[in-house]
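Enquirer: Let me give you the structure first, and then I'll get to my questions.
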Amino acid sequence: MGTKSYSEETTRLHEEINRLKKEKGAVIMAHYYTNPEIQDVADFIGDSLALARIAQDVEENVIVMCGVHFMAETVKMLAPGKTVLEPAPDAGCSLADSCGAEEFRRFIEAHPGHTVVSYVNTSAAVKALTDIVVTSGNAREIIESLPADEKIIFGPDRNLGSYINKISGREMVLWDGACHVHEQFSLEKILELKERYPDALVLVHPECPAPIRLIADCIGSTAALLAFA
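Here it is in structure tokens:
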């Protein structure tokens with residue numbers, strides 16, 4: 053457990069969870085976006101793909117994945133022989149939810165002859181329709197490794213896709229999906245904050261819309277932004 057001060061009830065729950073982990077041979081993984089009290093009881097904290105990779109190597113056979121549904125799916129894909137538990141099975145991701153598998157299948161059929169590249173923040177069903185799965189950290193490198201004249205469909209995040217198009221000079225066909233959280237950032241509010249804190253740097257994830265990216269001092273994945281900070 054971390055050094056934060058929690059209520060007696062939360063402290064008791066942490067102790068009970070730690071007891072159960074030992075009893076059941078389980079390991080807890082928490083995404084960066086979970087609440088602090090969840091992160092403090094987790095054995096590993098990270099982004100979804102990093103946690104899935106860790107799950108492959110841990111000795112425990114029970115993985116408790118504290119994240120949204122597609123993250124638990126990703127863990128199961130990379131560690132198929134282990135039991136993966138979702139504490140909140142109804143937890144969804146607005147980006148993954150913006151790209152239904154059947155709709156995406158029809159989109160692919162409407163663009164024959166294209167290589168299908170999907171962001172890792174998608175459901176297992178969408179990944180099954182995909183030729184290449186990328187992360188926000190390696191998307192540019194992978195796209196640029198493909199022949200310059202390759203026809204590409206990129207989904208589901210239009211913001212990440214447009215960012216890759218801009219920096220790579222590609223003209224990928226983009227699925228019109230987005231994360232509602234990243235869409236909510238206000239350029240005007242950020243500029244107001246810059247007036248108050250002129251020396252502050254602006255760190256931006258490529259899932260943000262283009263106007264937000266334009267004022268960024270650093271654009272990168274969660275891991276890249278942490279390293280930059």
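Letter by letter, the sequence shown follows residues 53 to 281 of our numbering.
For every residue, glycine included, the Cβ atom is placed at its ideal position computed from N, Cα and C.
CA-CA distance, residue 55 and residue 265?
Expert: For residue 55, the predicted model reports a pLDDT of 48, less than 50, meaning its position is unreliable and no value from the coordinates is stated.
Enquirer: Please say whether residue 188 and residue 63 have beta carbons closer to each other than 9 Å?
Expert: Not in contact: residue 63 and residue 188 (Cβ atoms no closer than 9 Å).
Enquirer: If contacts are defined as beta-carbon pairs under 8 Å, then residue 122 and residue 145 qualify, I think. What distance do you get, rounded to the angstrom?
Expert: Contact holds; Cβ gap of about 6 Å.
Enquirer: The beta strand (DSSP E) with residue 135 in it runs from where to where?
Expert: Taken as a continuous stretch (DSSP letters only), the beta strand (DSSP E) holding residue 135 covers 135 to 137.
Enquirer: With a floor of 3 residues, list each beta strand (DSSP E) that falls wholly inside the region 90 to 135, ordered by position along the chain.
Expert: Those beta strand (DSSP E) runs which fall completely within the region 90 to 135 and span 3+ residues are 96 to 98, 114 to 118.
Enquirer: State buried or exposed for residue 53, treating a residue as buried only when at least 16 other CB atoms are found within 10 Å of its CB.
Expert: Residue confidence for residue 53 is low, a pLDDT of 42 falling below 50, so the modelled location carries little weight and cannot support an answer.
Enquirer: Output yes or no for whether 9 Å exceeds the beta carbon distance between residue 206 and residue 225.
Expert: Yes, the Cβ-Cβ distance between residue 206 and residue 225 is below 9 Å.
Enquirer: List the endpoints of the continuous alpha helix (DSSP H) containing residue 69.
Expert: First-last of the alpha helix (DSSP H) with residue 69: 60 to 76.
Enquirer: Tell me where the alpha helix (DSSP H) around residue 274 begins and ends.
Expert: From DSSP, the alpha helix (DSSP H) with residue 274 extends over 274 to 280.
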